[in-house]
Structure formats: structure tokens, C-alpha cells
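Heads up: the structure comes next, in C-alpha cells.
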Amino acid sequence: MAISYYSAHAKLAWIFALLLILVTTTIQVHCQSPPGFISVDCGFTNTSAYNDSITGIQFDPDSGFVEGGLNNKISAEFMVGSDEQQKTLRSFPDGSRNCYTLPSTAGTKYLLRATFTYGNYDGLNKSRDGSLFLFGLHIGVNIWEAVNMTNWDPSLTIWKEVITVAPANSVSVCLINFSSGTPFVSALELRPLDDLMYPFVNSSVSISYFKRIRFGETTEFITRYKLDPYDRFWEAWLLTTYPWISLNTSDRVRRLPGDNTFQVPEGILQQASTLDTNFSFLEINVTVGPNLDAKNLELLPIFHFAEINSSNPSRRFDIYSDNELLFPDFSPSRFQVDSMHQNGRFLHNPAAIFRLNRTRRSRLPPLINAFEVYSLVRMDNLTTDSNDVNYMKEVKKHYNLARINWNGDPCSPREYSWEGLTCDYSKSNQNPRIVAVNLSTSGLKGGLVISFMNMVSLENLDLSHNNLTGAIPDYQIKSLKVLLMGQSRILFFKDLTLVCLT
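Numbered according to mature numbering (1 follows the signal peptide of the UniProt record, and there is no 0), the sequence shown spans residues -31 to -1, 1 to 471.
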């Protein structure tokens, strides 16, 4: 059997009058491996990369992107027909936070996708035993989403997407253990975007995928690369019978010169869905999943329209978010895309309902070619100062430290800071700095690594009760006030060094 995909945290229901349709199906994709994409098959144990048999996209084993975790395979009963990346997974039974680190370019926008296929890999039927099966996701040091597998078909795949700006030369994806099921992940995909795309995404605002739909008639449930060079997933709208009418054209559907905001593929814009002329409105109801607080939900809808009717029709409609009128008396341009959104404004819409209403002077009902909707991801937490991070990584490597929670950012968020570190958060608009390190009784061997001396905010360093040898490096002390080594305490007062035996 093929594993079906369900998107992020919501099933999209389109309501016409009293009609509610929820659809599921399998992915069929046909594309080749593009350059510049990072695709990681989590839990894949081979040492060499492979090209996916369906998409042609190259996937790498995850060993170079993560520390810790266990390699697993889904149950044999779900193997046949499954996508290669969903046959394996990496689980994280230990630690409250476990992170993947993917290389990136600082300041570049990326689409990041994570997929999860439980497949009863552990033989516990965890997704069907009635207990809560829930774990979290962080993008860097900020909350992204939750993955809820409670009462979930183990053969189905959940995917999550976020569009974000890389804060440095890497992007971290962290799985958070809520003590309600072991976190795991099947695949990670990082896709660079044009810098002009999604202009409301910046260093303090990311957006999480709610739904992305293409309309009209198509044979593929998921359209992605190569039609979309950015490998976005566009789900097919499957209602093609009365009162729904599918439109298509072979004529060009263009963007305005210089309009690179969304770059919807032309092949998607050449198709659309509308209704029989006896009907006047269609309603989009994005069902809020159990992971989200509907009362505080902030959504950003993006509607893509292009009039592809070959005649010269009169088609006008109002666009609503719940009961708020967003765009009155809108008429789509002929063979040119109009992407309608509120300039990046996130809408308070607890009902998650959007409606297209035919106006009185319109001869035709509404039409739509594509639709995207995202939720707000606030990037409020600041990462630890990059120099401190690099020096602590050097320390970790030098002493071959394998502490369970030494994963991800050392100081942020606070509740997941590394054991033995004290961080200074007093300057709210600046990156946290490491001011104390306690590695006493940690089995350290060898000399004192110079990285400690390079940390300009480090004031207290406890390396006592280890097996360190050699002299303290002859190095200008920047901020260090107290150093404990062996059985001695060394206090630094400018040019005076006082050694106190303990």
C-alpha cells in the first residue's frame, strides 16, 4: 500500500452551502533532483546518498546532521508501496530536546519541511492505544508546531512546513519531548527561496503552513518540483463534479513585471475552479486541529486569481475573512495573476472561515486558481551569541562531551539551556551570553582548551575534580574572575592572581 499524506495540523474543508468535504489520497510526483536542495532521510543507515525513485531528488543519510537518537524502520506491513524516506525514521527516547543542524546562508529565506510516518516502528501501536501521542517542534530556538499522532492511522504521513529566514550559517530543527510519546522524524527538506518571496517573512516573523491548494482538474494529488522550482507542495482540489466546474487554458498566464512575491507556477494558474452559474458563493473553512489555540489563532490567507475564461465575462466578488470584508468588488484580471493578501497582516479568525461572495452586478460566480494560508510563528527568542556557541562547540568536541541535553542552542530557550551553563539574559534586545561554565566531575582529560579564554563574557569556570594536566595557557584573560581546576581555586584580579588551596 502507498502511504497517504495529511498536511500539517489541519484538514481543509471547502463548504458550499451545507457541503463539507474532507479528502485524503496518495502522493504521485514526477520530477528530477534540483541543485541546492538539502534533503535528509532520517534513520537511513547507508553511508551514501540516493536519488528518490519517484521524484529523482537526492536524499542524504542523516548521520552528519544530528547527534543521538536511534535508527528505526517502519513495520513490515507498511513497507510495500511506501516512499523511500518514510520507510526509516530516527527516534529520540532520551533528552528533552534533540536537534538537527542543516547548513544555510545567513539572511536567506527557506522553506523547511518535516515529515513523520509512525508506521508502528516500535510495535507498540502507540498511535492507536488511546493515549496522548504528542511532541513538539522548534525552528531554531522558537516554538514552531506540535506533532499530534493521537488516534492516528500509523500508515499515514504528517508533514509540517515553515517559511523562515536563516539567522546564521545553519538552521536548527529541534524535536521536543513532552513526555507523551517518543519524538521521531522521517525526513527533512530545506529549500532556498527567492529573497523577494513572502516579503512579510523576516528575522522576527516566520510562517507555518496551514494549507496550499491548486484548483481545477489534475491527475496528481501533490504538485511539487519540477513544476514548482521551489518544491512547494500544492494539494489538488478534488471536487470536480456538480456544482463545481473546472476551467483550464493553454494560453499564457503572466505575472506583472517585477512581481516575484509568490511566483505561483504558471501550470497551476492555467487551471481554476468555479461553480455553476446558479450558485453565488463558496466558503473556505480551515478546520483547526487539536494542537492549536483557535481563540488566539492568527492566519495569513493568500488568494491567487486569474481569469482564464476565454470569453469576456463579468465576474466580480467580495472576499471575506469570517465576517471581515478584505477586498470588496474584486474582479480577476484576464490571463494575469492577482495575488490578494493584506500586506502580510495576520487575521484574528477563530472560526478559520474565508468566503468568496458573488456581487449583485456579477454575471458569474467566484473563481479561484490557488490558495495558501499560514499561521504566525513568532521568532521572539534570541539565539546565544554566535561566538559563545562556536567556543562551546569546540569545548564539546575537544573533551568529547556527550551530555544528553547539550543539543541545540546552549542558552535559548531558557528551559532547554545546557546543563552546567549560566547565561546572562539581562539585555533583552541582545543575544544571551555565557557567564559561567561548570564542568566539574565530568571526566575531562588533557589540557585546558583555549576556547574558554576566548569567551569574552565568561566570569566563572569550574573544571575541578577532572583529570586535567599541563599549565594554564599564557593568554590574556578577558573576563574570567574565578577558575577552579583540580583541587585549587584561582581568582583573577586584573594583574594579580591569587591561588587558594581548598
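Don't be surprised by glycine CBs; every beta carbon is placed ideally from N, CA and C.
Cβ shell of residue i (< 7 Å), same chain only, five flanking positions each side left out
{"i": "Trp213", "result": "Ser242, Leu244"}
{"i": "Val(-3)", "result": "Since pLDDT at Val(-3) reaches only 40, below the 50 mark, its modelled position is unreliable, and the value read off the structure follows with that caveat. Excluding residues within five positions, the ones whose Cβ falls inside 7 Å are Ile23, Thr24, Glu189, Ile191, Arg193."}
{"i": "Asp63", "result": "Gly37, Ile373"}
{"i": "Asp291", "result": "Asn318, Ala320, Ile322"}
{"i": "Pro234", "result": "Leu196, Asp197"}
{"i": "Met48", "result": "Lys56"}
Beta-carbon proximity check, residue i vs residue j, cutoff 8 Å
{"i": "Leu106", "j": "Ile132", "result": "no"}
{"i": "Phe147", "j": "Leu93", "result": "no"}
{"i": "Asp200", "j": "Phe6", "result": "yes"}
{"i": "Leu268", "j": "Val342", "result": "yes"}
{"i": "Phe153", "j": "Phe61", "result": "yes"}
{"i": "Leu101", "j": "Thr119", "result": "yes"}
{"i": "Asn318", "j": "Asn111", "result": "no"}
{"i": "Ser139", "j": "Gln55", "result": "no"}
{"i": "Asp378", "j": "Thr410", "result": "no"}
{"i": "Thr14", "j": "Pro4", "result": "no"}
{"i": "Leu162", "j": "Tyr79", "result": "yes"}
Cut-off 6 Å between Cβ atoms - residues of its own chain near residue i, not counting five sequence neighbours on either side
{"i": "Val174", "result": "none"}
{"i": "Arg224", "result": "Val306"}
{"i": "Leu309", "result": "The sequence shown places Met at residue 309, rather than the Leu named in the question. Excluding sequence neighbours, Met309 sits near Phe272, Phe296."}
{"i": "Gly12", "result": "Asn40, Asn41, Thr57, Leu58, Arg59"}
{"i": "Tyr360", "result": "Ser420, Asn423, Met424"}
{"i": "Gly313", "result": "Phe169"}
{"i": "Thr151", "result": "Ser60, Pro62"}
{"i": "Leu81", "result": "Val131, Leu159"}
{"i": "Ser44", "result": "Gly88, Asn89"}
CA-to-CA distance, residue j to residue i, given in whole angstroms
{"i": "Ser73", "j": "Phe169", "result": "20 Å"}
{"i": "Ser141", "j": "Lys396", "result": "24 Å"}
{"i": "Gly37", "j": "Phe85", "result": "18 Å"}
{"i": "Leu453", "j": "Pro442", "result": "14 Å"}
{"i": "Leu325", "j": "Thr126", "result": "31 Å"}
{"i": "Leu430", "j": "Met422", "result": "10 Å"}
{"i": "Tyr178", "j": "Val35", "result": "24 Å"}
{"i": "Phe340", "j": "Gly416", "result": "59 Å"}
{"i": "Glu388", "j": "Phe231", "result": "43 Å"}
{"i": "Lys362", "j": "Glu428", "result": "18 Å"}
{"i": "Trp121", "j": "Gly50", "result": "19 Å"}
{"i": "Arg183", "j": "Leu216", "result": "12 Å"}
{"i": "Thr438", "j": "Val358", "result": "25 Å"}
{"i": "Cys392", "j": "Thr70", "result": "22 Å"}
{"i": "Lys366", "j": "Pro382", "result": "22 Å"}
{"i": "Ala75", "j": "Arg160", "result": "14 Å"}
{"i": "Gly88", "j": "Arg97", "result": "11 Å"}
{"i": "Asn265", "j": "Leu316", "result": "10 Å"}
Of the listed residues the options, nearest to residue i (C-alpha basis)
{"i": "Met424", "options": "Phe248, Pro401, Leu345, Pro136", "result": "Pro401"}
{"i": "Pro301", "options": "Ala405, Asp393, Ile337, Gln311", "result": "Ile337"}
{"i": "Val451", "options": "Ser17, Ser433, Pro234, Leu39", "result": "Ser433"}
{"i": "Asp412", "options": "Ser426, Arg347, Tyr368", "result": "Correcting the residue identity first, residue 412 is Gly in this sequence and not Asp. Ranking the options by Cα distance to Gly412, first place goes to Tyr368."}
{"i": "Asn171", "options": "Tyr360, Arg347, Leu316", "result": "Arg347"}
{"i": "Leu333", "options": "Gly415, Gly50, Asp287", "result": "Asp287"}
{"i": "Cys68", "options": "Gly109, Gly150, Ala137, Leu316", "result": "Gly109"}
{"i": "Ile237", "options": "Ala275, Thr246, Ser149, Asn265", "result": "Ala275"}
{"i": "Pro335", "options": "Phe323, Gln232, Ser344", "result": "Phe323"}
{"i": "Leu165", "options": "Ser149, Arg181, Cys143, Val134", "result": "Val134"}
{"i": "Val222", "options": "Leu207, Lys365, Glu252, Ile277", "result": "Ile277"}
{"i": "Ile253", "options": "Pro270, Trp128, Thr218, Cys143", "result": "Pro270"}
{"i": "Asn376", "options": "Gly33, Tyr211, Cys143, Ser44", "result": "Cys143"}
Residue range of the unbroken beta strand (DSSP E) whose run includes residue i
{"i": "Ser420", "result": "Unbroken run through Ser420 is the alpha helix (DSSP H), 420 to 423; no beta strand (DSSP E)."}
{"i": "Ile127", "result": "126 to 134"}
{"i": "Gly105", "result": "103 to 108"}
{"i": "Met309", "result": "307 to 309"}
{"i": "Glu363", "result": "Element bounds for Glu363: not the beta strand (DSSP E) but the alpha helix (DSSP H), 355 to 367."}
{"i": "Lys95", "result": "Counting along the chain, Lys95 falls outside any beta strand (DSSP E), and DSSP gives it neither H nor E."}
{"i": "Val29", "result": "Sequence check: residue 29 is Asp here, not Val. 27 to 30 is the extent of the beta strand (DSSP E) around Asp29."}
{"i": "Leu71", "result": "66 to 72"}
{"i": "Glu293", "result": "293 to 299"}
{"i": "Asn117", "result": "111 to 117"}
{"i": "Leu351", "result": "No beta strand (DSSP E) holds Leu351; DSSP gives it neither H nor E."}
{"i": "Asp10", "result": "7 to 10"}
{"i": "Thr57", "result": "57 to 60"}
{"i": "Leu39", "result": "39 to 42"}
Cutoff 8 Å; reference residue i; Cβ partners in own chain excluding five residues on either side
{"i": "Arg285", "result": "Asp298, Phe299, Ser300, Arg327, Thr328, Arg330, Ser331"}
{"i": "Ser280", "result": "none"}
{"i": "Ser65", "result": "Ile145, Asn146, Asn374, Tyr385"}
{"i": "Ser355", "result": "Ala137, Asn400"}
{"i": "Thr187", "result": "Ala205, Gln240"}
{"i": "Glu53", "result": "Asp10, Tyr19, Asp21, Ser22, Phe28"}
{"i": "Pro282", "result": "Glu276, Arg332, Leu333"}
Residue i beta carbon near the ligand PLP (any heavy atom closer than 7 Å)
{"i": "Asn111", "result": "By its list of ligands, the structure shown contains no ligand whatsoever, and the ligand PLP lies outside what it can speak to."}
Bounding residues of the alpha helix (DSSP H) (the contiguous stretch that carries residue i)
{"i": "Gly455", "result": "Counting along the chain, Gly455 falls outside any alpha helix (DSSP H), though it belongs to the beta strand (DSSP E) covering 451 to 455."}
{"i": "Ile237", "result": "235 to 238"}
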